[in-house]
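Student: Sharing a structure with you now.
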Amino acid sequence: MAGALVGGAFLSGFINVVFDRLLTTDAVNFVLGKKLGSDLIQRLKTALLGAEALVADAEMKQFGNPSVRKWLDNLRDAVYCAEDLLDTVLAKAATQKEESSSWWSLSIFINRDRDDMVEKMEGVVTRIEDLGKQKDFLGLEKIPTGGSSWRTPTSSLERGNVYGREDDKKALVQMLNDNNEHHLSVIAIVGIGGVGKTTLAQWLYNNQEEFMKGFDLKAWVCVSEKFEVVETTRNVIKQLHGGTCSLDDFNSLQNALKEELSNKKFFIILDDVWSDDGDKWSNFMTPFQQNGNKGSIVLLTTRGENVSLAVQNCRPYFLTKLSEDYCWSVFAENASFQQSNGRAALEEIGRKIVKKCDGLPLAAETLGRLLRTKHDVEEWNKILMSDIWEFPVEKSKIIPALLISYFHLPPHLKRCFVYSALYPKDYVFEKDDLILLWMAEDILPPPKRGKSLEEVGCECFDELTSRLFFTKSEGFGNYFVMHDLLHDLAIFLAGDFYCNSEELGKEEEIKIQTRHLFVDLSQCSSKLYNSILKVESLRTLLLFGDFSSPNCNIEAATCEILSKCKYLRVLSLTKLDEVPNLIGELIHLRYLNLSWTDIKTLPESLCNLCNLQILKLYQCSELTTLPSGLHNLVNL
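Whatever position you read off the sequence shown (first residue = 1), add 235 for our numbering.
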């Protein structure tokens with residue numbers, strides 16, 4: 236791995252949300268700056284800055300060090316607590332200001348609750364400061380975030396065989412040869428991480444003389460996430476020159492490259508491309524488009540179709556997953572399967588393991604390598620039955636195959652992806668629904684250049700889809716689903732902070748630090764219900780289905796939950812006939828979904844929810860009356 240966490244740390248964006256609470260409004264300056272004390276607020280800012288500087292390093296090291304993962308979880312919990320406290324002050328201050336034209340009544344509120352607020356804030360600040368002091372013990376250091384690539388740039392084909400790609404080889408060769416009468420052919424191999432894009436490109440690079448007329452020049456350049464036009468141009472020249480280029484000026488570099496390519500037939504491969512910046516690509520591609528002989532080729536490998544759209548005249552070739560039989564061939568070769576004793580028993584287990592690889596040759600290869608020296612049935616069964624994604628990086632060799640795509644995401648997209656861990660496996664979700672949840676949870680970056688927050692959310696969703704984190708569900712219109720392996724990755728990254736009832740198992744015990752919860756009420760036992768009541772710091776509660784217990788009163792249960800969970804920002808209720816008045820006490824609530832319920836009216840207390848942004852009343856056929864004060868909800 237490189238020394239930098241490409242794309243930025245997941246927790247960095249979360250910490251920035253807390254900074255926004257400290258810096259944006261007169262209310263927070265008045266309430267916190269004057270009454271809680273400027274020294275305390277400065278300590279919080281300093282502690283957060285110190286912690287933020289360490290999270291990139293910690294997020295890489297957590298997979299091989301349980302102590303670092305625990306440190307990250309503790310920091311995440313403390314930041315949640317800090318945001319809850321600040322939001323409580325802001326919400327109550329806003330409510331009080333609406334009720335009075337002066338700050339006098341607000342001051343009464345602050346004086347009354349000041350001591351309690353100071354004590355809680357002191358506790359949170361001390362927690363974050365203490366966590367910062369542990370950096371030397373854990374070996375954490377400040378590292379830059381940016382575009383270092385994790386892979387060693389190489390065109391050499393290390394795998395012994397390329398299984399199951401004969402049709403892909405023929406199709407790509409045909410695409411390349413179809414352009415022999417044109418000066419330049421630009422093709423992008425597009426596919427999910429681990430599907431074999433680089434392997435196929437390596438085969439083309441090393442075997443091109445067998446199926447295409449000879450090239451005068453060849454170069455293989457690994458681009459990675461941080462696409463810098465100057466640096467990439469220099470790297471192409473280095474490859475053509477045998478590793479040397481002393482030029483720094485972009486014009487000089489482009490002129491040098493034009494001279495190199497002039498009257499030559501070239502084959503350039505740009506591996507591991509992430510950028511979809513059309514302007515950058517236009518500048519970079521100019522020497523290739525204006526020079527070179529007929530039949531010249533630029534071939535890209537990328538995880539996102541959006542990259543191929545950004546490169547002028549680029550034709551995408553979508554690389555699909557391998558069949559199970561070909562995946563088995565990859566696995567068996569890497570596991571030295573032919574040399575194993577007890578072949579029949581191991582083959583039965585091995586084929587079940589390969590089924591979990593779901594057509595990803597990299598997954599099959601790395602699991603095969605893991606079992607290369609293990610020829611015991613019990614050892615193979617352990618792998619089959621274990622959650623392999625939770626293995627430390629050094630042992631599993633499978634987490635990096637999926638994490639590499641995740642780590643290239645910017646912080647806000649990491650948070651968007653991890654949030655989807657809330658859904659059960661194979662859950663089909665609507666694009667717009669997930670975007671609204673992101674909005675309510677403050678996950679999305681602020682809009683720029685006149686865009687709405689919904690448009691920003693749509694861009695984030697489309698970006699994750701283009702990188703294959705989400706895939707369109709067959710036959711469900713604008714609905715999507717997560718691949719099982721990516722869902723497992725999201726669950727692993729989410730830790731105990733996100734939970735859906737499907738993942739709980741027989742214990743049915745929700746962790747006290749859980750903040751986001753999805754519950755299928757048809758599977759909700761009394762034990763699980765009581766566990767929900769203990770998690771008072773919940774921010775998200777999505778309830779679906781019917782209670783499994785016929786003796787449970789849904790209205791009474793809802794009231795009890797609302798009386799305990801005062802920090803809710805997102806709430807989805809089901810099977811209600813009446814919305815309890817308690818709803819008006821959820822001062823943090825931003826999203827309320829009452830769709831498909833039999834409610835007839837909404838309580839006036841709903842109008843106390845000054846932060847409410849989204850109210851969903853889809854298919855509420857019995858609803859006839861809205862509260863008179865609904866116009867006061869200015870954020871709705």
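From the three backbone atoms N, C-alpha and C, an ideal C-beta is built for every residue, glycine too.
Rounded to the nearest angstrom, what separates F779 and D611 at their Cα positions?
Tutor: 44 Å
Student: Can you find a heavy atom of the ligand NAD that lies under 8 Å from the Cβ of S798?
Tutor: In the structure on display, the ligand NAD does not appear, and there are no ligands present to speak of.
Student: Decide if T479 is buried, meaning its Cβ has at least 16 other Cβ atoms within 10 Å, or exposed.
Tutor: exposed
Student: For S766, does the three-state DSSP call read helix, strand or coil?
Tutor: helix
Student: So if DSSP puts C457 in a beta bridge, which residue, or which two residues, is it bridged to?
Tutor: D506
Student: Looking at L847 and D820, is the spacing between their C-beta atoms short of 9 Å?
Tutor: Going by the sequence as given, residue 820 is Glu instead of Asp. No, the pair does not count as a contact, with Cβ atoms beyond the cut-off.
Student: In terms of residue numbering, what span does the alpha helix (DSSP H) encompassing A406 cover?
Tutor: 401–412
Student: Is it true that the region 491–506 meets the region 520–536, where meeting means three or more beta-carbon pairs spaced less than 8 Å apart?
Tutor: yes
Student: Out of K355, F652, D731, D667, point me to the one whose CA is closest to F705's CA.
Tutor: Measuring from the Cα of F705, the nearest candidate turns out to be F652.
Student: Contact between the region 483–501 and the region 426–439 is defined here as three or more beta-carbon pairs at a separation below 8 Å; is this criterion met?
Tutor: no
Student: Which residues in the same chain have their Cβ closer than 6 Å to the Cβ of L728, if we skip the five residues on either side of it in sequence?
Tutor: V653
Student: Tell me the rounded alpha-carbon separation between L581 and T521.
Tutor: 55 Å
Student: May I ask which residues mark the beginning and end of the alpha helix (DSSP H) holding C695?
Tutor: 688–701
Student: Which first and last residues belong to the alpha helix (DSSP H) in which V653 is found?
Tutor: 646–654
Student: Could I get the ranges of all uninterrupted beta strand (DSSP E) runs contained in the region 779–818, with 3 residues as the minimum, in chain order?
Tutor: 805–807
Student: Which same chain residues end up closer than 8 Å to R278 when comparing Cβ atoms and leaving out the 5 residues on each side of it in sequence?
Tutor: V360, E364
Student: Determine, using beta carbons only, whether L427 and R607 come nearer to each other than 9 Å.
Tutor: The sequence given here has Ile at residue 427, not Leu. No, they are not a contact pair.
Student: Taking the CB atoms as reference points, tell me whether D308 and D731 lie closer together than 9 Å.
Tutor: Cβ atoms of D308 and D731: closer than 9 Å.
Student: Near K556, what residues of its chain come up, given a Cβ to Cβ distance below 7 Å and the 5 sequence neighbours on each side ignored?
Tutor: The residues are V430, D593, G594, L595.
Student: If we ignore side chains and look at the alpha-carbon of each, how far apart do L844 and A656 end up?
Tutor: 27 Å
Student: DSSP three-state label for V546, please.
Tutor: Assigned with DSSP and collapsed to three states, V546 falls in coil, not helix or strand.
Student: Suppose you measure from the CA of L776 to the CA of L752; what does that come to, to the nearest Å?
Tutor: When only Cα atoms are considered, L776 and L752 end up about 5 Å apart.
Student: By alpha-carbon positions, which one of L850, S856, N528 ends up nearest to L871?
Tutor: L850
Student: Provide the residue(s) that pair with S531 in DSSP beta bridges, ordered along the chain.
Tutor: L419
Student: Provide the residue(s) that pair with Y826 in DSSP beta bridges, ordered along the chain.
Tutor: V805, I849
Student: Does the distance from the C-beta atom of V508 to that of A454 stay below 9 Å?
Tutor: no
Student: Please name the residue, chosen from V458, T467, K473, that lies closest to L452 on a Cα-to-Cα basis.
Tutor: It is K473 whose Cα lies nearest to the Cα of L452.
Student: Which residues in the same chain have their Cβ closer than 7 Å to the Cβ of I584, if we skip the five residues on either side of it in sequence?
Tutor: V612, W615, N616, L619
Student: Assuming the contact rule is C-beta atoms closer than 8 Å, H718 and I678 should be a hit. Round their C-beta distance to whole Å, please.
Tutor: The pair is not a contact, with the Cβ atoms about 21 Å apart (cut-off 8 Å).
Student: Tell me where the beta strand (DSSP E) around C734 begins and ends.
Tutor: 733–735
Student: Which of the three DSSP states, helix, strand or coil, is assigned to G382?
Tutor: Caution is warranted here: a pLDDT of 41 is assigned to G382, below 50, making its placement in the model unreliable, and no coordinate value can be reported.
Student: Out of L375, N396, L699, F254, point me to the one whose CA is closest to A291's CA.
Tutor: L375
Student: Could you have a look at V303 and say whether DSSP puts it in helix, strand or coil?
Tutor: helix
Student: Taking DSSP as the reference, what is the three-state secondary structure of L235?
Tutor: The structure shown does not extend to residue 235, since the chain is modelled only from 236 to 871, so the question has no answer here.
Student: By alpha-carbon positions, which one of F245, P862, H823 ends up nearest to L803?
Tutor: H823
Student: Excluding the 5 residues preceding and the 5 following G527 in the sequence, name in chain order all residues of the same chain whose CB lies nearer than 7 Å to its CB.
Tutor: H418, L419, L496, K499, K500, F501
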